[in-house]
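Asker: Sending over a structure as structure tokens; questions will come in a sec.
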Amino acid sequence: MDTKPLVQALAPAVILFALGAGTAHGKPEKKAQAKGAASTAVKARPAARASAGPTLADAKRFLAQTEAKFDRLNAEQARADWVGANFITDDTEAIAAYFGELQLDAAGQAALAARRYNHPGLARSLSNSDARKLKLLQLTLMLSDPKERAAYAAARAALSGAYGKAKYCPTDGRPCMPLGELEKILATSRDPARLLDAWSGWHAQSPAYRDRYADFVQLSNKGAREMGYADTGALWRSGYDMPPEEFAFEMERLWLQVKPLYEALHEYTRYKLRAAYGPKVVPLTGPIPAHLFGNMWSQTWDNIYPLLQPASGASGFDLTKVLEKRKTTPKQMTEYAERFYTSLGMPKLPATFWERSLLAKPRDREVVCHASAWTIDGQDDVRIKMCINPTAEDFAVIHHELGHVYYFLAYRDQPVLFRNGANDGFHEAIGDTVALSITPAYLKRIGLMDEDPDPKAQIGDLLRRALSKVAVLPWAYMVDRWRWDVYAGATQPADYDRSWWQLREQYMGIGRPLPPQAGGFDAGAKYHVPADVPYARYFLANLLQFQFHRALCREAGHEGPLHACSIHGNEKAGKKLRAMLELGTSKPWPEALKAISGEDRIDGGALLEYFAPLKAWLDEQNRLLAAQQKG
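If you want the working numbering, it's the 1-based position in the sequence shown plus 1.
Following this line, the structure appears as structure tokens:
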């Protein structure tokens, strides 16, 4: 699930701030600073004025002009990207590349110019707001060579287009299959051979653009270095109100905090998959083959819940069957989600949302079906692009995507440079926080569940949710761990697959089901890699959402287990949520976190509290299943 936020002048997948990834200022090297716009500005002014530095009036004028320019360019790029994602052709790819180059140039020039105002004398007179804007402007990459900017934009558009157009065409006469069809096979089939065919068929597509990706990495790094960062990975990590090395440490700290819960889930899943597929397919030790988890990337495991569900204490309710039986349309799915947000006191979606969003896959053209939320003009023109199916998964996803949309609407009155999430993890966490309130009690309340929830079914419900929320944690961490090494040069193109699978085995306990192939690029089989979308946001979001949920449940006066809470219909909780959303990125993210939760540090404690009953159950089940294996 992706966002296309307003500050597109800090272009999506090009500029870190555009992705909502942060509010901090990286610490460029002095040598790079000397090469920037500051020295150019000195040459353009008399010597006496140069020594005095820019004035407060200069800074305010620069910011006003920059925000006005970005406001215009944002809408132009957003429309070009929207068309490119919804009408995949060579022409729309070229148009998107053209506007991407304009955005890259504008953002880079603004970043260089912003350095001029890093003057000690000026810093004392700047308001906190203006100082923050100047810092945010410098979280970007810049390619000063026009040819390189054009090449960068073209490569970015081509990689995204290649992913969107990729299909597996079997050599045995079967028709070609796009990703969506292959995902359905992985989600529903229990035939290991068929699963392996679908998995390997899709992963065979990405090597075609591996070399293009490698060239893109080099261009991206050059742009980051021109701004004084060691590489693009360091630039990304600089976007979290802390030095990049500290952010890397925080990610590892958070992972180690939640790792025991994941390991318990992984162990239980191994025993159940081994029972379903046999010891020849699933080993008792070592990595589990990646094609068996019901998902193309093994990132979430909820599709194999029927294989893992408890013998007792599991609900027989199937939301997908209910939605299918009722022939629930994509629009109706979206309306369910909208009504949740309005129950919290939020406004109805603008009429243009319904007129301009893409809710179903068209029959006459190729589109990027990957769910995403968009703001086109920074005001009321908000949209989603998603090929919605009547499934329990998409029911949760549409609640997630509207979280982005309501975030857009909440901070639309902020200055242009503050129209973004407190950090990119916040943007992803909002909708997921709401989705945590999709409890059996909530489904009963809105008429999708007839019977009263069975209190004995809590373990089954928690297990189902853990198969997405807990299973994804190491995946969401290691995707960027891999890319940090790629951008740093520690992983070269020849070692892309080796490094990728080493990390997947280390963090996920999951292995490649087939021997590696020369020239492989399995990382490129995931949208966010060729599209160059940072992934740490999803790891942070999976922790933040539980912190948000716990705080809002307390505000709503909930008593009882955290997993049983739904804030649906509670305007008091909604008011607290809206107050945080309205901040945008105007404050450092710890302040935004404190505004909603009273805490100023991301922490896995709320997630562990939420799943505490499941952890105790998993530990007991694993003890019993291990004894059976020995017996």
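Yeah, the Cβ is synthetic: ideal placement off N, Cα and C, and Gly gets one too.
Give me, in chain order, the residues of the same chain whose beta-carbon lies closer than 6 Å to that of Q380; leave out the 5 immediate sequence neighbours on both sides.
Answerer: Taken in chain order, the residues that qualify are R413.
Asker: If you pair each beta-carbon of the segment 75-90 with each one of the segment 128-148, do three or more pairs fall below 8 Å?
Answerer: At 8 Å Cβ cutoff, the stretches do not touch.
Asker: Round the Cβ separation of V383 and L360 to the nearest angstrom and send it over; I've been treating them as touching at under 8 Å.
Answerer: V383 to L360, Cβ: 14 Å. No contact.
Asker: Assuming K577 is part of the alpha helix (DSSP H), what are its boundary residues?
Answerer: 572-582 is the extent of the alpha helix (DSSP H) around K577.
Asker: Quick one: is I447 buried, meaning 16 or more other Cβ sit within 10 Å of its Cβ, or exposed?
Answerer: Flag for I447 reads exposed.
Asker: Verify whether the separation of the beta carbon atoms of G525 and Y169 is less than 8 Å.
Answerer: No, the Cβ-Cβ distance between G525 and Y169 is not below 8 Å.
Asker: Sort out for me which residues DSSP pairs I511 with in a bridge.
Answerer: BP columns for I511 point to I289.
Asker: With distances taken between CB atoms, is the gap from A607 to Q518 smaller than 8 Å?
Answerer: Their beta carbons are not under 8 Å apart, which means A607 does not touch Q518 by this criterion.
Asker: Counting only the same chain and skipping the five closest in sequence on each side, list residues whose C-beta sits under 8 Å from that of A557.
Answerer: Only C566, I568, N571, K573, A574 meet the Cβ criterion.
Asker: For M178, list the residues DSSP reports as bridge partners.
Answerer: In DSSP, M178 forms a bridge with Y169.
Asker: If you count every other CB in all the chains shown that lies within 10 Å of the CB of F522, and 16 or more means buried, which is it?
Answerer: Its Cβ being crowded by 16 or more others within 10 Å, F522 is buried.
Asker: Tell me which residue opens and which closes the alpha helix (DSSP H) that L625 is part of.
Answerer: Start and end: 613-631.
Asker: Let me check understanding here. Comparing Cα to Cα, which of D498, T586, E182 lies closest to C370?
Answerer: Considering only alpha carbons, the answer is E182.
Asker: Please state if the CB of A542 and the CB of D378 are separated by a distance shorter than 8 Å.
Answerer: Not closer than 8 Å, so no.
Asker: Across which residues does DSSP place L138 in a beta bridge pair?
Answerer: According to DSSP, L138 bridges with nothing at all.
Asker: Please name the residue or residues paired with L359 in a DSSP beta bridge.
Answerer: L359 is bridged to K386.
Asker: Are there three or more Cβ pairs, one per stretch, closer than 8 Å when the segment 438-452 is compared with the segment 589-598?
Answerer: No, they do not touch.
Asker: Quick check on C554: buried or exposed, where buried means 16 or more other Cβ atoms within 10 Å of its Cβ?
Answerer: By the neighbour-count rule (16 or more Cβ atoms within 10 Å), C554 is buried.
Asker: Within this structure, are the beta carbons of L105 and G54 separated by less than 8 Å?
Answerer: Contact flag unset, no.
Asker: Just checking, does the segment 454-474 make contact with the segment 576-584 on the three C-beta pairs under 8 Å criterion?
Answerer: Cβ pair count under 8 Å is below three, so no.
Asker: When you compare the segment 320-335 with the segment 301-308, are there three or more beta-carbon pairs, one atom per stretch, that lie closer than 8 Å?
Answerer: They do not touch, by the three-pair rule.
Asker: How many Å lie between E339 and L350 at the Cα?
Answerer: Going by the C-alpha atoms only, they are around 7 Å apart.
Asker: Is it true that the CB of L418 sits closer than 8 Å to the CB of Y263?
Answerer: No, Cβ-Cβ distance for Y263 and L418 is not below 8 Å.
Asker: For T270 versus L324, is the C-beta distance shorter than 8 Å?
Answerer: No, the Cβ-Cβ distance between T270 and L324 is not below 8 Å.
Asker: Between the C-alpha atoms of A107 and R482, what's the straight-line distance to the nearest angstrom?
Answerer: Cα to Cα, the separation comes out at about 29 Å.
Asker: Just the Cα atoms here: how many angstroms apart are F427 and L137?
Answerer: Using only the alpha carbons, I get a separation of about 17 Å.
Asker: Distance, Cα to Cα, A628 vs L255?
Answerer: Using only the alpha carbons, I get a separation of about 32 Å.
Asker: So F540 packs on M297, CB below 8 Å; how close in whole Å?
Answerer: With a Cβ gap of about 19 Å, F540 and M297 do not count as contacting.
Asker: Can you check which of these residues, F294, E268, Y278, is closest to N286 by C-alpha distance?
Answerer: Strictly speaking, residue 286 in this sequence is Thr, with Asn absent from that position. Taking only the C-alpha atoms, the option nearest T286 is E268.
Asker: By Cβ distance, which residues of its chain are closer than 8 Å to L582, with the 5 residues on each side in sequence left out?
Answerer: So the qualifying residues of the chain are Y407, Y408, A411, Y412, I431.
Asker: Rounded to a whole number of angstroms, what is the C-alpha to C-alpha distance between P441 and A315?
Answerer: P441 and A315: Cα-Cα distance of roughly 12 Å.
Asker: Alpha carbon to alpha carbon, what distance is there between A436 and T392?
Answerer: Approximately 14 Å, taken between the alpha carbons.
Asker: When you compare each of A215, P531, W203, A249 to H292 by their alpha carbons, which one comes out closest?
Answerer: Answer by Cα proximity: W203.
Asker: Among A97, F318, A617, Y230, whose alpha-carbon lies nearest the alpha-carbon of K445?
Answerer: Closest option to K445, Cα to Cα, is F318.
Asker: Between which two residues does the alpha helix (DSSP H) containing V84 stretch?
Answerer: Looking at the DSSP string, the run of the alpha helix (DSSP H) that includes V84 is 57-87.
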